[in-house]
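Student: Would you mind keeping the following structure in view while I ask a few things?
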Amino acid sequence: MWYAFEALDMRVNWAGFYVVEPRRRRRQQQPARMDDAGTIGEISNKTMALGPFMGKVACQTIEFGRGVCGTAAATGTTVVVADVDKFPGHIACDGATKSEVVVPILDDAGGVVRGVLDVDCLVMDGF
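Dropping the structure here:
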């Protein structure tokens, strides 16, 4: 995917997945764990963990409803952000990012969100 963006001359600086892990979907709660903000809390089925990605180091977990990724997960809809500085609650993993698109990954049985595909761009309105 990374090389496809490069071939299209898109200035993508980050591309990857956040996933709701199967063991988190089976359990309502798990042992306490530190999240990306450095706070300790329970992991639930409303938390996504960083999956395969290319780019700078990113947040390890994102809660549904938090940032662009969490918004896409909570709503089950694609979110396109032309200017990340204008998105309320944007999580800035790479300060060079100017625009972002996040596509939810839904299962076939009922449209449950299983994760998201997140792509960041170095130019405004990159998508």
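Reading the sequence shown from the start, the letters are residues 1075 to 1201 in this note's numbering. Cβ atoms here follow ideal geometry from the backbone N, Cα and C, with glycine treated the same way.
Quick check on the burial criterion: 16 or more other C-beta atoms within 10 angstroms. Buried or exposed for Lys1160?
Tutor: Taking the sequence shown and counting its residues from 1, the one referred to as residue 1160 is at position 86. With fewer than 16 other Cβ atoms within 10 Å, it is exposed.
Student: Roughly how many angstroms lie between the CA atoms of Tyr1092 and Val1177, to the nearest whole one?
Tutor: In the sequence shown, counting from the first residue as 1, residue 1092 sits at position 18. In the sequence shown, counting from the first residue as 1, residue 1177 sits at position 103. Cα to Cα, the separation comes out at about 10 angstroms.
Student: Classify Thr1152 as buried or exposed, calling it buried when 16 or more other Cβ atoms lie within 10 Å of its own Cβ.
Tutor: As a position in the sequence shown, residue 1152 is number 78, starting the count at 1. It is exposed - the Cβ of Thr1152 has fewer than 16 other Cβ atoms within 10 Å.
Student: Between Ser1173 and Asp1199, how many whole angstroms is the CB-CB distance? I'm expecting something under 8 angstroms.
Tutor: Position 99 of the sequence shown, counted from the start, is the residue given in the question as residue 1173. Position 125 of the sequence shown, counted from the start, is the residue given in the question as residue 1199. Confirmed, about 6 angstroms.
Student: According to the Cβ coordinates, are Gly1163 and Gly1141 closer than 8 angstroms?
Tutor: Counted from its first residue, the sequence shown places residue 1163 at position 89. Counted from its first residue, the sequence shown places residue 1141 at position 67. Against a cut-off of 8 angstroms, the Cβ pair of Gly1141 and Gly1163 comes out as a contact.
Student: Which residues in the same chain have their Cβ closer than 8 angstroms to the Cβ of Ala1111, if we skip the five residues on either side of it in sequence?
Tutor: Mapped onto the sequence shown, residue 1111 falls at position 37. In this prediction, Ala1111 scores a pLDDT of 46, lower than 50, which makes its location untrustworthy; no coordinate-derived value is stated.
Student: Between the Cα of Leu1196 and the Cα atoms of Thr1135, Gly1185, Lys1130 and Pro1126, which residue gives the shortest distance?
Tutor: To locate residue 1196, count along the sequence shown from 1; it is residue 122. It is Lys1130.
Student: Check for me: the alpha helix (DSSP H) holding Val1142 runs from which residue to which?
Tutor: Here residue 1142 corresponds to residue number 68 of the sequence shown, with the count starting at 1. Run containing Val1142: Gly1141 to Thr1149, per the alpha helix (DSSP H) assignment.
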